[in-house]
Amino acid sequence: MTKEGTGKTMRDARWARWLVLLLLSQVTLIAFLFTDLLSPLKSVLERDLLWDATTFGTYSGSSYFLNVFAGFLVFAGFIVDSLGLRGGTRIAGGIMLLGAWLEFYGLTDTFRASALHGWLGGWWTSMPPTAKMASLGLTLFGCGAAMMAVVVTKALVKWFGEREIATAMSLQMATTRIGMALAAFAGVYIYAWDLLPGAQIAQPVLMGSLLLVLGVAGGWAFCAFDRRLDLELGDREVHRGAPIRLATITQLLRNRAYLLIALFVLIYYMGVFPFQKFAVDMLHHQLGMSEMRVGLIFSLYPIGAALVTPLFGMLLDRRGYGLTMCIVGSGCMMSGHAIFAFLPPGQVGMSLAIVGILLQALSLGLVTASIWPLLPRVVRIENFGTSLSLIFWIENWGLFGGPVAIGRLLDATNLSPAEIRTLERAGQAIPPTNYQPSMLCFVAIGLLATATAAWMWREDRRRGWGMEKRKTAQPGPQARGAHPERLERL
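So for the sequence shown, this note's numbering puts the first residue at 3; every next one is plus one.
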């Protein structure tokens, strides 16, 4: 039932829309913070738990394991489309909490003294038991976080519609960058506390898990608002209950615009999130500074992205040029990686590192603000969860494989933790980790992303998809004002 028979609903109230955005954004902020809490502590994990770079890369990529190989992300999209936003929120929150506490347990003294630790150490001996249990927890957490990302994006489309959709998405993405910024140094700071003597490495995960409880509670509070909106909408819009059909995926895979967006997302974010896993350790070795100081400097990256992303979102709402922003953003990413690949030591290196970080921030702001609001132009709202989860699934192949590949490359071009420990005992100098081959791989990824964005721009001009235009269509049973032949039957 609408308000007083006026035809207006709760989402027409500005305060309600932005409160929903706040409730959902804080969940994703904490999720991004939790995911990267241990990233600046790579050297500590090598020293205390004997994790080599391959182990660290496997752990970092484990949050995407089930999403990729079990197809959980596609299944998550089906869940969100069939059970609705509220059902998806509750399930995602529960899975995230379970995974977070399992990861914490895997890093504690209690686990190391258990029979389970001994059993895990009896197979796949190249990966320590602590890494196996932590990876299991992060795997479950990643499944819940991926489902929550589908929920949040679909909820913003539902609540903002044709209003400030690009601005809303940009602000939501900007809050995730705040989580990334905190993770760049918060883990090191919490590690220095004396909460768990003998298991200090578990302290950041403990604090992240406690914060996650608050974040998930806020997500469940959103469910109350969404239930009221559904009562007001009645049957006027379809936001849940879409049948689970494999034909939906088949239709999406025949949509050229959709496939190009998915390809760009795969390539571009493979140069972003895997890089972040190693960035603090890379700058620590190349600049010869402490992890805490390097983490504070690197936090300029997500903070800068958080500041500029909403500005570019407003530009997209008012002027358009979404694909042009993708091209420029990809070029900035490639340039930033090139700087890191040839970073000299000393003050010059510090200055160039800051330039590279700011280029990365500009890149992330441009692409994040522009690529995601383009998706509702080419898919229907009842299938939006499935379409989004399929893109996330494709993206997760790069997010899983990237850290593993970089970890293997680092192990192949540097000393192992055991060799480093031998040098330390002998009192010999330890050479810094060589990151140049790895950074050159990221440069190549940036080049591919730029070429893919240019390809999308060319196809958009040829086929008239309207991705460079300023308005984002509100998807319904048929996107308003869209030509069926241009949406390729979607």
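Each residue gets a CB set at the ideal place from its N, CA and C atoms; glycine is no exception. All of these numbers come straight from a predicted model, not from anything done at the bench.
So, are the CB atoms of residue i and residue j less than 8 Å apart?
i: V82; j: V153; result: yes
i: L31; j: T155; result: no
i: S172; j: T370; result: yes
i: L318; j: A168; result: yes
i: R321; j: R472; result: yes
i: H287; j: E293; result: no
i: V445; j: M284; result: no
i: G468; j: R382; result: no
i: A186; j: F300; result: yes
i: P405; j: S62; result: yes
i: M327; j: S372; result: yes
i: Q205; j: I192; result: yes
Taking the alpha carbon of residue i as the point to measure from, which residue in the options has its own alpha carbon closest?
i: Q438; options: W459, W161, I432 and T415; result: T415
i: T11; options: P312, Q430 and E234; result: E234
i: F77; options: W395, M441, L401 and A133; result: W395
i: A201; options: Q362, L47 and P378; result: L47
i: L298; options: V215, D50, M182 and P378; result: M182
i: P346; options: L43, I305, M336 and G290; result: G290
i: P434; options: R13, A15, W17 and S45; result: S45
i: A188; options: G210, P199, M175 and L197; result: G210
i: R179; options: L197, L309, A117 and L122; result: L309
i: G146; options: L213, K134, L75 and G123; result: L75
i: L52; options: P375, F224, Q174 and K134; result: K134
i: T388; options: Q253, D111, L35 and C225; result: Q253
i: F277; options: L214, M441 and R460; result: M441
i: F36; options: A136, A259 and R427; result: A136
Note the first and the last residue of the continuous alpha helix (DSSP H) segment covering residue i.
i: K134; result: P131 to F162
i: A428; result: Looking at the DSSP string, A428 is not in any alpha helix (DSSP H), and its letter there is neither H nor E.
i: W125; result: W125 -> no alpha helix (DSSP H), and no H or E assigned at all.
i: D111; result: D111 to R114
i: Q205; result: Q205 to L235
i: D462; result: Q438 to R465
i: N69; result: F67 to F71
i: V29; result: R16 to T37
i: S84; result: F74 to G108
i: Q174; result: I167 to Y193
i: G468; result: Counting along the chain, G468 falls outside any alpha helix (DSSP H), and DSSP gives it neither H nor E.
i: G59; result: A55 to G63
i: R49; result: K44 to L51
i: R379; result: Premise fails: R379 is in no alpha helix (DSSP H) and is neither H nor E.
Any beta-carbon of chain D closer than 8 Å to the one on residue i?
i: M469; result: Looking at the structure shown, chain D is missing, and only one protein chain is on hand.
Worksheet entry | Secondary structure, alpha helix (DSSP H): runs of 4+ residues fully inside the region 274 to 350 | 275 to 289, 293 to 300, 302 to 320 and 324 to 343, all fully within the region 274 to 350.
Practice prompt. Check whether the region 60 to 79 touches the region 219 to 228, counting contact only when three or more Cβ pairs, one atom from each stretch, lie closer than 8 Å.
Written response: no
Worksheet entry | beta strand (DSSP E) runs wholly inside the region 393 to 427, at least 3 long, in chain order | Runs of the beta strand (DSSP E) inside the region 393 to 427: none found.
Practice prompt. Answer yes if the region 323 to 340 comes into contact with the region 359 to 368, meaning at least three C-beta pairs across the two stretches below 8 Å, and no otherwise.
Written response: Yes: the two stretches touch, three or more of their Cβ pairs being nearer than 8 Å.
Worksheet item: Would you say the region 95 to 111 touches the region 128 to 141, given that touching needs at least three Cβ pairs under 8 Å?
Response: A contact exists between the region 95 to 111 and the region 128 to 141.
Worksheet item: Three or more C-beta pairs closer than 8 Å, one from the region 449 to 456 and one from the region 269 to 283: is that the case here?
Response: yes
Worksheet item: How about the region 407 to 422 and the region 86 to 94: do they share at least three Cβ pairs that are nearer than 8 Å?
Response: Taking 8 Å as the limit for Cβ pairs, the verdict is that the region 86 to 94 does not touch the region 407 to 422.
Discussion item. Taking contact to mean 3 or more Cβ pairs, one atom from each stretch, closer than 8 Å, check whether the region 15 to 23 and the region 124 to 134 are in contact.
Written reply: no
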